Amino acid sequence: MDDEDVLDLGCQVLPWISNQVILIGQQTRNKVYGTLGCELFVLSQQVASRSRNEADRFRALKRIRTYKDYTTEIRQTVIKETQESLVHFVLQNPEYHTLLHLISDCLTVDGTEPSYTDEGYQDDGDIGYPGPLNETLYRQLQTYAKCRCRTGHLDWTRLRLSTDSQNGNEDVSFELVFKANSFPTTHSHSFVQWKESNVMIPRTEARRRAGIQKRKEVRFATPPLEPLSPKQNCSRLAQRMRRLALGEFCKLIDDQLVNPLHFYIQSNVLKIIEPHNPNPCRGIFPCEGPSLGQWLEKIPHISNKGKSHLAYTIAKSVWQYYNSPWMMTPWTHENIQLLNEGTGLKGQGKPHPYLRTKLDREIVKSKDFYHASDLMHQYPHILALGILLIEIAVKQPLTSEECPHPLSEAVINDYYTWAWTTAHRSNLKDTLHSLYEEAVNNCLNPELFGGYSTQQSRELDEIRARQNALYEKIVAPLKRLSDAYRDDWDIQGLPPTETICRQDISNMTITASESPLQADFTVAIFCALTLEVNAVSVLFDGFCQDSTLYQNAPGDSNTYTLGRMGRHHVVLVHLPGMGKSVASQAASSIRSTYPNIKLALVVGICGGVPYTNGHAEIILGDVVVSDGIVQHDFGRRVPGGFLRKTSVTEQLGRPNVVIRGFLSKIKTTIVRQRIGSNVEKYLKAINQTLGNDTARYPGIEQDELFQSTYRHKHHDPVACITCAQATNSTVCDEVFDLSCHQLKCHKDKLVQRKRLQTALIQGHMPSPTIHVGLVASGDTVMKSGQDRDLIAMPDNVIAFEMEGVGVWDSLPCLVVKGVCDYADSHKNKIWQPYAAATGAACMKALLDEWTF
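Every letter in the sequence shown is one number past the one before it in full-length UniProt numbering, and letter 29, counting from 1, is 29.
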């Protein structure tokens with residue numbers, strides 16, 4: 001190689017090497033590397049010497065030139081080797097440090113910034129959280145979140161696990177969510193309103209807590225590699241921060257504002273940043289969310305992309321929080337929880353892992369190492385991570401039958417045996433990727449993580465060494481694998497609503513190989529209104545959308561949606577209109593196509609009878625279930641009135657013996673409690689999926705029952721002459737389009753309701769109550785309080801609706817409908833969406849109990 005070749009080689013390679021050195025300086029915050037990078041860059045621009053050398057002396061430079069622009073793993077190896085050589089050069093050449101000290105005497109000294117060493121250096125830009133920061137965060141939350149409120153914020157702390165890189169920034173950011181006491185306590189335990197928060201801690205807090213004295217740090221005339229200093233950052237926030245008073249934390253968490261809270265810990269003091277940043281919240285769905293173990297068991301499918309990203313998220317978090325108060329016990333599939341975060345798209349959510357922890361406890365030193373010499377693995381946190389990676393890979397959590405006791409020194413061999421056996425049986429290299437297998441095998445190899453020392457100073461060094469090995473051997477391979485994919489979970493199909501609060505209906509298609517036969521459908525659901533169909537559709541656990549597999553029989557003009565609810569194959573019948581005639585025609589046709597229908601459910605909304613003999617008080621939003629049907633418009637029109645036929649021979653018969661037995665079952669206390677709990681769960685799923693508060697509870701103040709004799713009309717004689725002169729049977733047509741507020745219906749004519757008054761006193765929303773009784777059905781819309789009571793009293797009817805009588809004669813039938821009005825002249829449409837939702841939720845809860 002001649003001189004010209006040497007110069008050309010140096011000019012091509014030295015700038016790339018200088019960039020690698022500068023990158024190390026940025027990552028470690030060590031200006032030694034930054035200065036070296038600048039000097040190498042200058043050298044590359046001013047190479048003037050020429051010398052003749054043997055070709056093998058330039059072999060390394062040739063290799064760099066060949067592979068520096070590649071995108072394969074070879075380039076990663078070259079980068080790693082080059083950076084390791086540069087680190088070795090800086091550490092092993094004291095002459096270089098002496099030269100820097102001589103240079104520093106001529107430069108301006110700035111002692112405001114802390115000094116960072118190259119310890120814990122990572123090759124991809126990730127900077128770990130200094131251990132004292134984790135402890136500072138934990139203790140500050142413990143101190144300020146202590147309260148005596150019934151919400152128990154400390155019991156509901158969730159720490160968001162993230163792959164976000166801190167990149168050496170002075171302020172380290174942590175995201176947490178707490179349970180807010182903004183919603184009624186009568187909701188089921190799974191209904192949770194989350195308050196999102198962000199806590200920032202300057203890295204200098206770690207040095208202050210560790211008692212490290214600042215030393216003078218020189219500022220070199222180099223490119224601007226460093227971010228703003230803590231002093232500069234604090235000056236920008238100083239005017240927005242105030243010290244948080246003890247006891248104020250609960251009030252902030254329970255505040256109704258949606259914006260996340262932003263805190264700052266400075267000099268061991270928790271401060272609130274005001275006004276709140278307008279940053280959008282993550283939109284965490286208001287439910288408890290499944291543990292990682294429950295989620296893995298229920299989710300139908302996770303792609304390799306999703307598994308890799310989830311594994312990387314958890315592995316990096318274990319590295320960041322290693323040996324901190326957040327890891328007093330090893331992380332398992334029980335204390336990692338999946339919370340659904342809104343994506344901004346209607347009906348969609350993205351599950352994200354959070355650490356579930358209880359802050360209200362003393363900090364116990366984490367056992368990073370077990371002493372016994374007969375153990376297969378001495379590092380519980382690293383073994384626990386390996387188990388998590390295996391569980392994600394095989395999509396099956398380690399069960400209590402396989403390892404009945406929590407991970408401890410006494411049973412760690414049992415856990416290791418399960419992990420080793422499962423990992424090698426699962427062939428992770430072929431089913432996922434060799435990098436995933438590498439990460440798992442490294443977790444199961446205790447020799448990679450060193451020994452243990454009884455000397456505290458040595459112990460801390462070895463813990464830090466284990467943390468660095470954890471990154472290099474486990475986190476880094478998973479990061480490379482995750483980076484090969486887009487940041488997307490790619491979950492194909494969602495589990496039933498029992499597991500995840502919100503569903504994406506488009507992803508619930510039943511494949512052709514799973515499709516049932518037409519004879520397998522045993523349940524039919526009849527809905528007349530679009531809002532009723534919307535509420536019912538949310539609760540399907542899967543849809544059959546291959547139209548070639550399901551053709552209507554000749555003469556069957558019905559329109560169907562086919563799918564699965566729980567264990568049942570269900571036919572949803574879209575009625576073309578309201579009333580008994582269209583329902584009767586649909587019911588008489590369905591069995592020609594689906595011959596094995598054993599239960600017909602007429603689901604939707606109805607008018608309720610507020611007071612009936614022997615029945616509990618009915619309020620809006622309650623659900624009625626029929627144990628019989630009366631056709632209230634079947635009778636004779638005679639001069640002066642209408643005589644309804646009440647003869648037994650002229651009325652509909654009783655339900656068949658199967659339905660009568662089922663009704664007896666759902667009236668029992670235990671089953672009613674179980675149904676009530678499921679109604680709350682399914683109602684929540686409907687609300688979250690439909691979005692925009694479509695099916696929310698309208699409010700106690702909107703539930704108004706007027707005296708049955710008090711008419712809905714213009715009460716101001718000047719406003720309407722027709723209403724002013726109205727007889728008992730006539731009012732103007734306009735009143736049916738106007739609200740009680742617009743007509744000035746007098747509030748003193750309202751009837752007081754015990755359940756509503758109790759709810760107001762206790763400060764909660766009344767839960768839907770299920771009422772079983774006789775339902776009146778007919779083509780006539782009931783909008784008269786007086787007529788309602790005249791018809792209801794003789795037979796003790798509890799509700800009025802319009803389709804049940806049409807289905808009753810053709811199929812074994814139950815009417816399940818939410819109460820949206822009181823079947824009087826004051827009825828309106830405010831309660832219809834919520835009533836449709838409660839009716840649909842009750843319908844699915846009943847199907848959970850139906851076994852035929």
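Note that the Cβ used here is the ideal one computed from N, Cα and C, for glycine as well.
Predicted model only: the values in this text are computed from it and were never measured.
In the three-state reduction of the DSSP assignment, Asn198 falls in the strand class, which pools E and B. With respect to the 8 Å criterion, Lys307 and Ile392 are classified as neighbours on the basis of their beta carbons. Within the same chain, Cys527 come within 6 Å of Val533 by CB-CB distance, once the 5 residues on both sides are set aside. Using a Cβ distance threshold of 8 Å, Leu620 and Ala840 do not count as a contacting pair. Here the region 787-805 lies against the region 763-779, with 3 or more beta-carbon pairs under 8 Å apart.
Runs of the alpha helix (DSSP H) lying entirely within the region 735-796, each at least 4 residues long, are 740-743, 754-762 and 785-795 in chain order. Here the C-alpha atom of Ser162 lies approximately 8 Å from the C-alpha atom of Ile314.
Scanning Lys395, Arg240, Lys667 and Ser324 for the CA closest to the CA of His301 turns up Lys395.
Judged by beta-carbon spacing, Ala384 lies within the 8 Å limit of Thr332, meaning their Cβ atoms are closer than that value.
A contact between stretches requires three or more CB pairs, one per stretch, nearer than 8 Å, and the region 610-617 fails this requirement with the region 566-573. Under the 8 Å Cβ criterion, the region 784-794 counts as touching the region 813-824, having at least three qualifying pairs. Non-local beta-carbon contacts of Leu141 in its own chain, meaning distances under 6 Å to residues more than five positions away in sequence, involve Leu359 in chain order. Here DSSP, grouped into helix, strand and coil, assigns Ala799 to strand. Across the structure, Met793 and Leu517 are spaced so that their CA atoms are roughly 46 Å apart. According to the DSSP assignment, Glu297 belongs to no beta strand (DSSP E) but to the alpha helix (DSSP H) extending over Leu292 to Lys298. Ranked by Cα distance from Ala587, the first of His714, Cys813 and Trp194 is Cys813. Rounded to whole angstroms, Gln688 and Cys281 show a C-alpha spacing of 16 Å. For Phe852, the number of other beta carbons within 10 angstroms of its own is below 16, and it is reported as exposed. Setting aside the 5 residues that flank it on each side, His574 is surrounded in the same chain by Cys527, Val533, Asn558, Thr559, Tyr560 and Thr561, each with a C-beta closer than 8 Å to its C-beta; the list follows chain order. The three-state secondary structure of Gly604, taken from DSSP, is strand.
Under the Cβ criterion (8 Å, minimum of three pairs), the region 457-475 counts as touching the region 320-327. About 42 Å separates the Cβ atoms of Leu683 and Ala484, ruling out a contact at the 8 Å cut-off. Taking a C-beta distance under 8 Å as the contact criterion, Leu846 and Val772 do not qualify as a contact pair. For the 8 Å CB-CB criterion, Pro833 and Thr722 do not form a contact. Annotation: the continuous beta strand (DSSP E) that includes Arg160 extends over Thr157 to Arg160. DSSP places Thr561 in the uninterrupted beta strand (DSSP E) bounded by Thr559 to Met565.
Between the C-alpha atoms of Asp430 and Leu338 there is a straight-line separation of about 27 Å. Judged by their CB atoms, Met200 and Val177 are not nearer to each other than the 8 Å cut-off. Cys544 carries a strand assignment under DSSP once its states are collapsed to helix, strand and coil. By the CB criterion at 8 Å, Tyr416 and His371 fall outside the cutoff.
Annotation for Leu244: Tyr144, Leu270, Lys271 and Ile272 place their beta carbon closer than 7 Å to its own, counting only its chain and skipping 5 residues before and after. Asn259 carries a coil assignment under DSSP once its states are collapsed to helix, strand and coil. Comparing C-alpha distances from Pro446 to each of Glu81, Ile474, Lys580 and Arg458 shows the shortest one belongs to Ile474.
In the DSSP assignment, Met241 falls within the beta strand (DSSP E) that extends over Met241 to Arg243. Across the set Leu133, Tyr354, Pro330 and Leu159, the C-alpha of Leu133 shows the shortest separation from the C-alpha of Gln266. For Asp821, the uninterrupted beta strand (DSSP E) segment begins and ends at Cys813 to Asp821.
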